[in-house]
Each structure stands twice: as C-alpha cells, then as structure tokens.
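Accompanying notes for the structure given below.
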Amino acid sequence: MQYIVLLSVLLIGANAQLSATRDQECKENESFQTCGTACEPTCGLPTPTFCTLQCVMGCQCNSGFFRRTSDNRCVEQKDCNVAANETIPIPPPATNLTCPVNEVSNECHNPCTEKKCPQKNAPQVNCLMACQVGCSCMDGFVRNNQGVCVKEAECPAIGSTDENPCNLVDCRTGHQCSMSTGKPTCVPETPPTGITCANVRCGFKGGCGMVEPVGCVGCKRQPQCLEEDYCRAQNCPYNEECVLVQVTCIRAPCNPIPTCRPKDLRLIKPLIQPRERRQAGPSCMTARCGTPAGCAMVRPSGCIGSTVEKGCELMPMCIHVNACASTSCLVGSQCVLHQVQCFTQPCDPIAQCEAPIKKPINRRCRSNEKFEPCKTVCSDTKCNEEPRFCPQVCTGGGCVCQEGFFRDNSGKCVTQNDCDAQKPKLY
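Counting the sequence shown from 1 gives a position; our numbering is that position plus 5.
As structure tokens, then:
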C-alpha cells in the first residue's frame, strides 16, 4: 500500500512538472516540443550531417526557421547575416570564387573525398559526408601531394625512393628486369645453374644422391632423395666409381641401382638414346600441371582398346595418381590410362592393358615359305641347328619356312640336302 501511494505521488509530480514545462512561453517562430531533435538547425549549420537519436524537450525553431547564435532567435535563412556578431559567416556563392588552373568552383566541395594521386601504404580514412563551398579538380584531374590538380598520368609512381625500380616493371615471358645505366630494362633470362644435392633437403635415411637418367650413359646426373645409400655396400675396383643409375620399374617405389663405372667415363661421348619423334597434336610437352602425378597421356572416356577412331587419340591430362605405375601387363601389351566419369573429384583415370596398334601385315611370302599368324622365336629352324628351349610366346604374324625346309645363312628356306651341302667339310 505504501508503494502505491509513493508511485502516485511521483506520477502527480511528473505530470505537474510536464504541465509546467508545457506552459512555458516560446519566443517568436518557436514551438514547444516534447521530443524534439538534439541537432536543431542553425544559421551556421542549416542541415546537420550527424545527429544522435535522443529526445530534447523544449522550445525549438519552427520548420523553415534557423537558430541565430548571436541573439538565440529563430529567423529565416535570409536574415541569418543580419547580426554583425554572427559566429559562423555565410560562405560566399560558388559563382564568386576564383579557382586555380584545372579547378572549378563547387558549392559542395569536400577535401577529404576528393580524388587524389595514389600513394603507397596510404591509410584508410573515414571521411565525413559534409560539403562546403570551395574549388574542386576538374573532370579527368586529381590532386597531387602538393595540392595541385594534375592529370592521372602525371601522378608520381607508387613507391619509396629506396624501392627497387624493377618492382614496377612487368617483363614478358623469358625476360627479367635488370638495372642498366640507372634505368630498369627487360633482358633475356640467364639459364639456371645446375641443381645439386646442396640445393635439396631430403627426409629419407639415404639422404640425397646424384642419379643418372634412364638409358643415358654418361649424361648429367640429377639429385634424388634415396631410401638408402646404395653405393655404400658397392665395392668397385680401382679407377672405378659407384654411379646410381635410374631404372624403369613396374611398381613403385623405383629406386636406382648402383653400378661401377670408370672414373674417366666423363671423357667418353655420352651414349644418348635417340629421342622419339614428337607426336602431332596436344602432348604433355605443352601442359603445366600442379597435381602430384603431373601430366599423363589419357585416352578419352567411351573409347575401347587401342582404337584409332577419331576422338580417341591420347590427350594430355593432369592427374593425382598414375594407375599404370602399379599395373603389370602381359608381354605384347602396354598399360594405357583411360578417362572415366566419377561422382566425386578428383577423378583420376584407370589403367587398362592394350595391345599395340599393329601395322598391316604383308601376307605374301617367298618360295618355300608360308604365313604364320602367331609366329614364335622358334617357328623357323635354321640349318644344322641344335635343339634348344623355345618359349611359346606369340610375337605376331610373319613368314616362316614350310615343313621340311630350313633357314640357311642367306635367309632362304632350303631342304636338308642343301643344308648338308653348306655344312663345312672336315678333313
């Protein structure tokens, strides 16, 4: 009951105070506001830019009138400059301004938001969206560090005085920037120096070793991380050294093998295998991949076997895993990657064993010969040849001697009597 009485007393007091405030007399061109603005328009700032959202109770200028600070009265804008002691003078019209070259008068000029020459590491500035009468740069001009309006092309280059000028030069492929006579100049790139184990860091037990490429005796060796130091257990004779030679494997990992070589082998002309003729069309020579397995030639999806139909040619493709590295094919066939369709990525090709594309076989044979579609290494028996073991492996079709005939030293199929005649006589 006491709380209710106290609350009633407070409400009565507040209403009395509000009634007393409302009864106060406002001056000319003013009206009482119970929740007026905290940013009443003044002669110096007719349109406030920022204002807090709070209620201010009291007399405020009516719409179309502005508070004059000299006498604290609400007047029209034309009467703002009547008082001589007005603290914020009315700026002159923009049409009466005299601006420097490349500048024009602007009734809403903002020095902060005006476009300027770019500067290195320039701080981000939050500009107030206010404007004033002043001079702004003309269209196509920006203000430089000296405050002069210039064309954008006349702005100084971004960078400090101690910065390398080559950082601002973009050279074409195969060229690099170099300072020549004090000016940055694009010159051809110098060939990179040879890479050695000094440039390679390995985490394997065997560390790094210089390995000779496959089938290239005496060629320049390349650094490679080794699982073991294979040359440590290799005892080479005097004047010979242990050389690690890379080999081709069916399954990974494919470690090099140690080989003893004469130390002066470097004086011998390298026995480089002839390079295969570059195939026409796209190849991995022109592909640049960032995948773990690099580039590989892949047959498009929907192509069966070693078909030569149009659209089934091998195409370069960036892969993550080379399935042929862990696939073994029978003799006479080769592993080829085939593209497949997947529901998720990455979608690496699968390995398939294909028979090589066979060229048309000439079935016309010479005298005493016949055509054999599945020829073996022992299909032909030479004159006076001793019996030997022959694996039954098909090497393709070809001409062989007919039954009762034998291949002589000249390559002709002759009878046994002819073979006996060619047999050397013993005295």
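Using N, Cα and C, we set each Cβ at its ideal position, and we do this for glycine too.
Given the structure is predicted, the values throughout are model-derived calculations rather than measurements.
Under the three-state reduction of DSSP, residue 226 is assigned to coil, being neither helix nor strand. For a cut-off of 8 Å, the C-beta gap from residue 411 to residue 388 is around 5 Å, short enough to register as a contact. In this structure the stretch 72 to 87 does not lie against the stretch 105 to 118, because fewer than three pairs of beta carbons, one per stretch, are closer than 8 Å. For the pair of segments examined, the stretch 58 to 67 was found to touch the stretch 33 to 46: the number of CB pairs separated by less than 8 Å reaches three.
The C-beta distance from residue 371 to residue 424 rounds to 17 Å, too long to meet the 8 Å contact threshold. The continuous alpha helix (DSSP H) containing residue 421 extends over residues 421 to 427. Assignment of residue 268 by DSSP, reduced to helix, strand and coil, places it in the helix class.
Within the same chain, 141, 142 and 148 come within 7 Å of residue 119 by CB-CB distance, once the 5 residues on both sides are set aside.
With respect to the 9 Å criterion, residue 206 and residue 216 are not classified as neighbours on the basis of their beta carbons. Residue 353 is classed as buried because its beta carbon has at least 16 other beta carbons within 10 Å across all chains shown. Assignment of beta-bridge partners to residue 65 by DSSP yields 36.
DSSP places residue 237 in no beta strand (DSSP E); its state is neither H nor E.
Bridge pairing for residue 410: absent [DSSP]. In this chain, the beta strand (DSSP E) harbouring residue 148 covers 146 to 148.
Taking 9 Å as the cut-off, the beta carbon of residue 409 is found no closer than this to the beta carbon of residue 377. Looking at 117, 121 and 139, the one whose alpha-carbon comes closest to that of residue 104 is 139. Closest in C-alpha terms to residue 357, from the list 45, 109 and 305, comes 305. In this structure, the beta-carbon distance from residue 214 to residue 267 does not fall below 9 Å. At the C-beta level, residue 218 and residue 251 come within 9 Å of one another. For the options 157, 300 and 318, the alpha carbon positioned closest to that of residue 308 is the one of 318. It is roughly 28 Å from the alpha-carbon of residue 323 to the alpha-carbon of residue 224. Residue pairing of residue 342 in beta bridges, as defined by DSSP: 303 and 356. Under a 10 Å Cβ-count criterion, residue 301 is classified as buried, with 16 or more other Cβ atoms of the shown protein chains found around its own Cβ. The three-state secondary structure of residue 157, taken from DSSP, is helix. Residue state for residue 417 is assigned as coil, using DSSP reduced to three classes. Per DSSP, the continuous beta strand (DSSP E) segment holding residue 141 begins and ends at 137 to 142. Distance from the Cα of residue 41 is smallest, within the candidate group 60, 50 and 49, for 60. Take residue 351, set aside five residues on each side of it, and the residues of its chain with a beta-carbon closer than 6 Å to its own are 325, in chain order. Around residue 156, the same chain offers 145 and 146 as residues with beta carbons nearer than 7 Å, after the five sequence neighbours per side are excluded.
For residue 375 against residue 344, the beta-carbon gap comes to about 43 Å, at or over 8 Å, which does not count as contact. Between the C-alpha atoms of residue 391 and residue 212 there is a straight-line separation of about 52 Å.
When DSSP states are grouped into helix, strand and coil, residue 181 belongs to the strand group. For residue 71, the enclosing beta strand (DSSP E) begins and ends at 71 to 73. Residue 245 is bridged by DSSP to 267. From the listed residues 109, 245 and 152, the smallest Cα separation to residue 117 is found for 152.
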